[in-house]
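In order, the protein sequences belong to chains Z and G.
The first sequence begins at 0 in numbering that gives the first Met the number 0 and counts up by one.
The second sequence begins at 0 in numbering that gives the first Met the number 0 and counts up by one.
Yeah, the Cβ is synthetic: ideal placement off N, Cα and C, and Gly gets one too.
Because the structure is a prediction, the values reported are computed rather than measured.
There are 2 protein chains.
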Amino acid sequence: MNEVVPSLPEVDHQRVVFSDGLMLDCGVTITPLTVAYRTYGTLNAARSNAVLVCHALTGDQYLAETQPLTGKPGWWEKVVGPGLPIDTDRFFVICANVLGGCMGSSGPREEMTDAEGRGLGRPWGIDFPSITIRDMVRAQKRLVEHLGIERLLAVVGGSMGGMQALQWAATYPEAVFACAPIATAAHHSAQNIAFHEVGRAAIHADPDWCGGAYWKEGRLPAQGLSVARMVAHITYLSESALTRKFGRRLQGAKALTFLEDVFAVESYLRHQGSTFIRRFDANSYLTITRAMDYFDLAADHGGDLSLAFQGTPTRFFVASFSSDWLFPTAESRAVTRALNRAAARVSFVELNSDKGHDAFLLDEPEFHAALGGFLRGAADAVGV
Amino acid sequence: MNEVVPSLPEVDHQRVVFSDGLMLDCGVTITPLTVAYRTYGTLNAARSNAVLVCHALTGDQYLAETQPLTGKPGWWEKVVGPGLPIDTDRFFVICANVLGGCMGSSGPREEMTDAEGRGLGRPWGIDFPSITIRDMVRAQKRLVEHLGIERLLAVVGGSMGGMQALQWAATYPEAVFACAPIATAAHHSAQNIAFHEVGRAAIHADPDWCGGAYWKEGRLPAQGLSVARMVAHITYLSESALTRKFGRRLQGAKALTFLEDVFAVESYLRHQGSTFIRRFDANSYLTITRAMDYFDLAADHGGDLSLAFQGTPTRFFVASFSSDWLFPTAESRAVTRALNRAAARVSFVELNSDKGHDAFLLDEPEFHAALGGFLRGAADAVGV
């Protein structure tokens with residue numbers, strides 16, 4: 000882990016800049032607001048076939064094409080494409096880098112600006128203001144309007160993307176015909192906050208973090224960010240998946256020698272940590288995990304989640320995975336119950352999988368069939 | 000977390016020194032072997048009333064008296080004492096600091112010695128050899144013999160203490176009349192190894208660890224050790240206990256301001272981290288977590304756990320806690336099934352508790368009653 004890590008390469012992302020900026024929940028206005036995004040498929044003449052996909056904590060807008068930093072396939076190439084569940088032959092798919100992210104949208108890595116939008120010649124770094132899931136959704140709404148779309152056919156997202164989908168339906172019900180929150184919850188639990196705090200503590204403890212000013216010192220808190228990724232990655236998998244994939248196998252040895260033995264699961268985790276630092280920014284990680292921790296849709300509505308959706312015209316598809324212990328099925332049931340209380344049109348499915356939280360990113364045919372069916376039904380209803 | 004942390008204070012522990020040393024599983028002989036220990040109650044004339052309690056990863060020998068570094072009550076004062084489940088009016092209770100520990104037994108903090116047992120004027124540090132749970136048990140066996148005890152009435156332990164209890168029964172069946180492995184498993188799972196590896200990575204990443212030679216530099220890897228404790232601590236609790244104790248409450252504020260907000264669960268975790276560094280040694284943490292990871296009693300017996308206990312004369316009491324996800328009930332069931340296959344006398348109970356793995360340390364009357372009953376039954380059978 001002591002190798003030299005260069006700063007993240009610059010990428011010429013596709014962006015739109017809103018010079019009037021965005022007022023955040025914390026009271027600060029970011030001027031201008033920049034949103035980096037990608038689209039797939041073609042917007043129809045009625046502008047009625049747009050599907051917004053919201054990405055998770057460490058995701059990005061490159062959901063169905065090569066990720067420019069890693070050179071790896073997009074994170075949802077199994078789901079988004081011609082003939083796939085989110086069918087780009089039929090739908091116009093939009094995905095934006097979240098506010099606070101590190102792939103081109105306004106965030107800690109972008110140039111800091113003053114209240115008049117003048118560049119200050121340095122990145123925001125740790126001075127980037129606190130943001131919320133609602134702020135992320137507000138920024139996406141600006142993009143959607145910019146693209147000339149009044150109502151989205153659907154908003155779809157897993158994990159933190161599901162939080163955004165729920166927030167979209169709560170904040171802009173008339174702009175969301177269908178909503179698919181997947182492997183998510185209407186609030187972040189105490190345990191989830193605790194795991195995030197471990198990751199943040201590891202970043203804060205890295206002397207190369209430099210109190211957030213590593214950009215100034217030409218350093219990167221690689222080891223702290225790596226530890227943060229390692230602990231998070233455990234929560235993305237299930238115990239049974241870890242046992243199935245690794246068990247107690249040793250890396251490069253057949254029997255314990257009690258000397259330099261390394262278990263395969265350790266080697267895998269270290270690899271996860273060391274590759275993550277080549278594609279993610281530590282201050283973005285701090286900013287976005289914080290936004291997730293803040294998320295509590297019921298609290299925003301007097302403690303009753305159903306009030307977030309009262310009289311909603313949106314139809315919902317709620318999905319969870321049986322072995323997901325980060326966003327367990329009980330959380331999806333709670334969302335479904337609240338939607339039922341709000342007399343919303345909602346279907347809920349718990350999908351059997353031993354792959355844990357990560358299942359929403361993996362090859363899960365039953366999930367893909369259910370999501371595809373929901374979207375086809377919505378498209379048929381709208382006449383797309 | 001940037002406060003100055005002194006090195007751990009020296010304590011004049013009660014110890015026994017075996018000048019002939021101990022040959023370890025890794026092939027190295029530690030000379031001499033030092034075992035620090037405490038006893039409670041009185042050994043009877045027949046030397047038949049001795050109960051050995053084995054402590055967990057970060058426990059110590061001060062189970063029923065004030066811990067000398069923290070000034071806090073012993074970790075099992077609710078269980079060990081006059082009239083308590085491990086009744087010191089009836090039993091002679093022994094507890095030894097594990098080999099590799101940092102409370103006086105041979106371990107990374109103690110003076111390094113050469114093959115002839117000559118002190119080298121520096122601590123072992125990272126040069127302390129790899130140890131196993133079996134090595135810990137071998138060291139305890141020397142202590143028990145030193146105390147003139149041929150057969151223990153019982154060996155009792157939770158978590159890593161339960162691993163030692165199982166190893167005792169497997170290695171020295173004639174020396175263990177009764178065995179109570181609690182909240183434990185016969186091997187460390189892939190997920191548990193993964194969590195340990197996160198803690199070790201955090202320690203390794205701390206520049207104050209100095210490649211293990213922090214003792215030489217007058218430094219302590221306080222931040223790395225603190226992060227290791229934080230992540231471990233989450234695994235000791237259940238999600239429901241975290242929700243019940245902290246939920247989404249804020250520390251020192253009533254409503255989110257999105258500025259300097261800290262959730263109560265974060266404040267609690269940070270406190271756990273910052274107090275731990277005042278009582279535990281980082282190199283000991285590395286050594287002992289490794290020993291736990293190595294533990295696999297079935298693998299030591301050709302893959303069949305029942306072969307570890309074939310023909311055993313020992314009676315067993317296996318206990319798990321319903322909300323323990325670090326050592327889930329399934330692991331205790333597997334131990335019980337193996338004991339049944341070995342035709343051992345065994346009772347198993349899953350105790351209802353929402354307190355997670357830590358329940359074995361807490362006020363759990365049903366557990367205390369069951370353990371007390373098991374020990375009384377054993378004592379009656381032996382005629383103590």
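- Secondary structure note for Gly223(Z): its alpha helix (DSSP H) is the uninterrupted segment 221-235.
- 8 Å or more divides the Cβ of Gly272(Z) from the Cβ of Arg218(Z).
- DSSP lists Leu51(Z), Cys178(Z) as the beta-bridge partner residues of Val154(Z).
- With respect to the 8 Å criterion, Pro122(G) and Arg137(G) are not classified as neighbours on the basis of their beta carbons.
- Contact between Cys94(Z) and Asp280(Z) fails: their C-beta atoms lie close to 19 Å from each other, not under 8 Å.
- Shown here is that no member of the region 345-377 of chain G has a Cβ falling below 8 Å from a Cβ of chain Z.
- For Thr313(Z), the number of other beta carbons within 10 angstroms of its own is at least 16, and it is reported as buried.
- DSSP places Tyr61(G) in no alpha helix (DSSP H); its state is neither H nor E.
- Against chain Z, a Cβ distance below 7 Å from Ser129(G) picks out Phe257, Leu258.
- For Leu241(Z), the enclosing alpha helix (DSSP H) has its first and last residue at 238-244.
- Here the C-alpha atom of Pro206(G) lies approximately 20 Å from the C-alpha atom of Lys215(Z).
- Proximity of chain Z to Tyr293(G) at the Cβ level (cut-off 7 Å) is accounted for by Leu255, Phe257, in chain order.
- Around the CB of Ser6(G), fewer than 16 other CB atoms lie within 10 Å, so the residue is classed as exposed.
- The beta carbon of Ile125(Z) does not come within 8 Å of any beta carbon belonging to chain G, so the residue lies off that interface.
- Phe275(Z) and His186(Z) have their alpha carbons spaced roughly 26 Å apart.
- With a minimum length of 3 residues, the unbroken runs of beta strand (DSSP E) contained wholly in the region 287-356 of chain Z fall at 314-320, 344-350.
- Where Pro364(Z) is concerned, the enclosing alpha helix (DSSP H) starts and stops at 364-381.
- For Thr87(Z), no beta strand (DSSP E) segment is defined, and its DSSP state is neither H nor E.
- At a Cβ-Cβ threshold of 8 Å, Ala153(G) and Ala377(G) count as neighbours.
- Take Ala201(G), set aside five residues on each side of it, and the residues of its chain with a beta-carbon closer than 6 Å to its own are Gly223, Val226, Ala227, in chain order.
- If the five residues before and after Gly118(Z) are omitted, its C-beta is found closer than 7 Å to the C-beta atoms of Glu110, Thr112, all from its own chain and listed in chain order.
- Shown in chain order are the members of the region 12-43 of chain G whose Cβ falls below 7 Å from a Cβ of chain Z: Asp24, Cys25.
- In this model, Val16(G) and Ser319(Z) are separated by some 57 Å (Cα to Cα).
- For the 8 Å CB-CB criterion, Arg247(Z) and Asp303(G) do not form a contact.
- Below the 7 Å Cβ cutoff, chain Z contributes Ala189, Ile192, Ala193 as neighbours of Val264(G), in chain order.
- At least one beta carbon of chain G lies nearer than 8 Å to the beta carbon of Gln222(Z).
- Ranked by Cα distance from Ser237(G), the first of Gly355(G), Asp11(G), Thr33(G) is Gly355(G).
- Where Leu142(Z) is concerned, the enclosing alpha helix (DSSP H) starts and stops at 132-145.
- For Arg199(Z), there is no enclosing beta strand (DSSP E); the enclosing alpha helix (DSSP H) has its first and last residue at 189-204.
- Contact between the region 328-336 of chain G and the region 358-374 of chain G is absent: fewer than 3 CB-CB pairs across the two stretches fall below 8 Å.
- When C-beta atoms of the region 143-160 of chain Z are compared with those of the region 123-130 of chain Z, fewer than three pairs fall below 8 Å, so the two segments do not count as touching.
- Ala179(Z) and Asp292(G) have their C-alpha atoms roughly 41 Å apart.
- Contact annotation: in the region 293-310 of chain G, residues whose CB is within less than 9 Å of a CB in chain Z are Tyr293, Asp295, Ala298.
- Tyr235(Z) sits close to Asp357(Z), with the two beta carbons spaced by under 8 Å.
- With the criterion set as a beta carbon lying under 7 Å from some beta carbon of chain Z, the members of the region 235-254 of chain G are Glu238, Leu241, Thr242, Phe245, Gly246, Arg247, in sequence order.
- Against chain G, the CB of Glu196(Z) has a partner CB under 8 Å away; the residue lies at that interface.
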